[in-house]
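Residue 542 is where the sequence shown ends in the working numbering, and the numbering goes up by one at each step. Note that CB positions come from ideal geometry on N, CA and C, so glycine has one too. The structure appears below as structure tokens.
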Amino acid sequence: MRINITRPLQLLQLSSYLGILLLVKLFIILPLAVILFNDFYHHLLPSDSSQWVPLSAFNIREDSNSTTVYQQKINRIQTENELPSIVDNGMSQWINLHNQIEYKVDLDTKFYCVPTWRTAYQTSNIDEVVMEVYSSNFASSLLYRRTVPIICMKNDDSINALELYKYGPSRLELFKKEWSNHIKVHDKISVTHNLQAFRYVLKAPKTFKLIMQPDSGFRFRMSFEQGLRNAMLRWHKITYAVGIVVFDFAISTLFAFTAFISFFLITRRGTNKLSPKVD
């Protein structure tokens, strides 16, 4: 009985080729694409072109009428010097921005709205918070104002304990799911080069207070004349994903083209050697 092993050998050979290509893709081409795009990104956009400032770095003052004020000075630094980053350690720190450069500001605020004392007139969990951004203590320096609907807890509100099995033993995670408010404001606030202070005011509903989550803050982004660089800075995660895919495709195409040309030249040279010479 004769066993034909040609087909299995062909499949083994094909699998070996595909395995080699996959290894080259994962361990050579993809890391190279990441390194090259990261270098390209930082050449196009300096590392200090975006500055994250947590709310914990502000001077915080709470008024009696459910108003919380976050205020901090802006420290202007020469453009040839790199900006020192803000350390998220809960201590008051100046906002470091370059001199003679306009910035766009993205706001990201996460908080709980909880009652400060028992009231009988609250019938709904829906209420409003007023957000205001100023460049000084004067009302005329208003840069942005917005009223946003939020969810506030009533005195007897808690969490649905039956859902704990979905989120584990952490009651805080369940509170976050049911009662946390998340407000984002992107590309609406501008900080010109002559501003020396930044003031953020949150006006909670009466008889309520806002409890901030530690990852709340502002991102100050350089405003470039080219719209592409502004978009790359604003959506940096999407930019990285798309950029790495493009670089990976370009390197893979170049690798495949080079391999094809090399294979063609080697095959042609071997054919010429095997061809009989005619005298």
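Short of 7 Å from the beta carbon of Leu308, and not among the five residues preceding or following it, lie these beta carbons of its own chain, in chain order: Arg492, Met495, Leu496. Bridge partners of Gln334 according to DSSP: Asn322, Arg462. Secondary structure at Ile452: strand, using DSSP grouped into helix, strand and coil.
The continuous beta strand (DSSP E) containing Thr410 extends over residues 405-414.
Ile389 is bridged by DSSP to Ile414.
Pairwise C-beta distances place the segment 461-474 in contact with the segment 324-344, as three or more of them are shorter than 8 Å. Apart from the 5 residues on each side of it in sequence, Thr386 has no Cβ closer than 8 Å to any other Cβ in its chain. Annotation: the continuous alpha helix (DSSP H) that includes Arg270 extends over 269-287. Per the DSSP secondary-structure output, Trp442 pairs with nothing in a beta bridge. Put simply, the backbone Cα of Lys447 is about 22 Å away from that of Arg324. Under a 10 Å Cβ-count criterion, His361 is classified as buried, with 16 or more other Cβ atoms of the shown protein chains found around its own Cβ.
The segment 340-357 makes no contact with the segment 510-528, as fewer than three CB pairs between them are under 8 Å. Put simply, the backbone Cα of Phe510 is about 5 Å away from that of Ala296.
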